[in-house]
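**Student:** What follows is a single structure, and I will ask about it in a moment.
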Amino acid sequence: MKKHFPSNILEVIAIMGIDMVPYFPLFALNTFFLKLSIEKSALITNICSSIFTLGIYYVVNKKNNIKVKFNFKIDKSLVILSLILLTYLVITLPISNLFHKNFIPSKTRLISIIILAPVFEEIIFRGIILKGLLVSYKPNKSIIISSVLFSLEHLIFTNLIGSSLNILWALILGLFLGYVYFKTRSVGMVIILHALNNGLVILGNLLQHHVNHHKKSFLTYIYENFSVYFYCLCLILFAYLINRLISKKVF
2 MKKHFPSNIL EVIAIMGIDM VPYFPLFALN TFFLKLSIEK SALITNICSS
52 IFTLGIYYVV NKKNNIKVKF NFKIDKSLVI LSLILLTYLV ITLPISNLFH
102 KNFIPSKTRL ISIIILAPVF EEIIFRGIIL KGLLVSYKPN KSIIISSVLF
152 SLEHLIFTNL IGSSLNILWA LILGLFLGYV YFKTRSVGMV IILHALNNGL
202 VILGNLLQHH VNHHKKSFLT YIYENFSVYF YCLCLILFAY LINRLISKKV
252 F
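Per the working numbering: the sequence shown ends with 252, consecutive numbering throughout.
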């Protein structure tokens, strides 16, 4: 019986290799011949690379008579709970100084980080890779493998963003998104949550920048004096979120 591709670690590595095949030649073409900026070049390259990977994924599974489809169903209550949690993680704690020091994105990068990266990365890492691993491995192993690969993929952005801690954050985010995908089997859910995370990280960076340059503002006062209370609230909400996922009451 033919299985979904990819369905094991070797095939997952092959998918990631396929994703990288057009990356370097396209990046070189855009940078040195078309004379685009590095950011625009990276944007175009990532789009083409992802489309190329999706095309190979579709062709191989079509050949094996495996139906290719993605579930984009979204649960609003889970999104709201996750939004509150992510808001705490990236705003109330001054992690911007750790992860994204002096990182103020341009419009091109903003589009890439908040829209394109969540869409393509979640379709590939959760909709293709994790979905395939769940065919052959236990959920815990599948989620861990896909999350490690997801964090390693972010190695390429470490120097651009400013800290190797970005890889650790990607691993934690990958584990969370992997668990949500396992429970919901919805690519739409993890795309929304990934986009919220990326948007809030940028917002957190801008907020930290404001705090550093406006010591006596109202926003600074809230940021410095009430984060501990928000921390306690978010811990309770996070426990509630995980409980709902485990019990499947939401889904």
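From the three backbone atoms N, C-alpha and C, an ideal C-beta is built for every residue, glycine too.
All of these numbers come straight from a predicted model, not from anything done at the bench.
(1) Using only CA atoms, which one of L134, G128, V136, K139 lies nearest to V188?
(2) Just to confirm my understanding: we take L156, look at its own chain, exclude 5 residues before and 5 after, and list those with CB closer than 8 angstroms. What are they?
(3) State buried or exposed for F28, treating a residue as buried only when at least 16 other CB atoms are found within 10 Å of its CB.
(4) Just how far apart, CA to CA, sit P1 and I16?
(5) Quick check: the stretch 139-152 against the stretch 112-121, are there 3 or more CB pairs under 8 angstroms?
(6) I'd like to know whether the C-beta atoms of G179 and L131 end up nearer to each other than 7 angstroms.
(7) I'd like the list of long-range same chain contacts for L174, defined as Cβ closer than 7 angstroms, with 5 residues on each side in sequence excluded.
(8) If we call anything under 7 angstroms between Cβ atoms a contact, is I112 one with I193?
(9) Apart from the five residues just before and just after H195, which ones in its own chain have a Cβ nearer than 8 angstroms to its Cβ?
(10) Which residues in the same chain have their Cβ closer than 6 angstroms to the Cβ of L84, if we skip the five residues on either side of it in sequence?
(11) Pop quiz: L172 and V191 are said to be a contact at Cβ under 8 angstroms. What is the actual Cβ separation, rounded to whole angstroms?
(12) Please look up how many angstroms separate the CB atoms of H5 and N62, rounded, as I've assumed it's under 8 angstroms.
(13) Should Y182 be labelled buried (16 or more other beta-carbon atoms within 10 Å of its own) or exposed?
(14) Alpha carbon to alpha carbon, how far is L44 from S51?
(15) Cβ of K36 within 7 angstroms of Cβ of T109?
(16) For V80, which option in I203, N31, V202, T185 has the closest C-alpha, if you only look at C-alpha atoms?
(17) Just verifying my parser: in three-state terms, what is the DSSP assignment at Y138?
(18) Looking at C-alpha atoms only, which residue of S107, E154, S38, E12 is the closest neighbour of I57?
(19) Is it buried or exposed, S152, if we count other Cβ atoms within 10 angstroms and call 16 or more buried?
**Tutor:** Answer, in terms of the structure:
(1) Among L134, G128, V136, K139, the Cα nearest to that of V188 belongs to G128.
(2) The residues are I168.
(3) Label assigned to F28: buried.
(4) No answer is possible for residue 1: it lies beyond the span of the chain, which begins at 2 and ends at 252.
(5) The answer is no - the stretch 112-121 does not touch the stretch 139-152, with fewer than three Cβ pairs under 8 angstroms.
(6) Yes, they are a contact pair.
(7) So the qualifying residues of the chain are N198.
(8) Cβ distance not < 7 angstroms, so I112 and I193 don't count as in contact.
(9) Once the five neighbours on either side are set aside, the close Cβ partners of H195 are A118, P119, E122, E123, L174, L178.
(10) Shown here for L84: same chain residues with a beta carbon closer than 6 angstroms to its own, the five before and five after excluded, namely L197 in chain order.
(11) About 15 angstroms separates the CB atoms of L172 and V191; that is not less than 8 angstroms, and the two are not in contact.
(12) The pair is a contact, with the Cβ atoms about 6 angstroms apart (cut-off 8 angstroms).
(13) By the neighbour-count rule (16 or more Cβ atoms within 10 Å), Y182 is buried.
(14) Here the alpha carbons of S51 and L44 stand approximately 11 angstroms from one another.
(15) By the CB criterion at 7 angstroms, K36 and T109 fall outside the cutoff.
(16) Looking at the Cα atoms, T185 is the closest of the given residues.
(17) Of the three classes helix, strand and coil, the one that applies to Y138 here is coil, per DSSP.
(18) Distances from the CA of I57 to each of S107, E154, S38, E12 were compared; the closest alpha carbon is that of E12.
(19) Counting C-beta atoms within 10 angstroms of its own C-beta, S152 has 16 or more neighbours from the protein chains shown and is therefore classed as buried.
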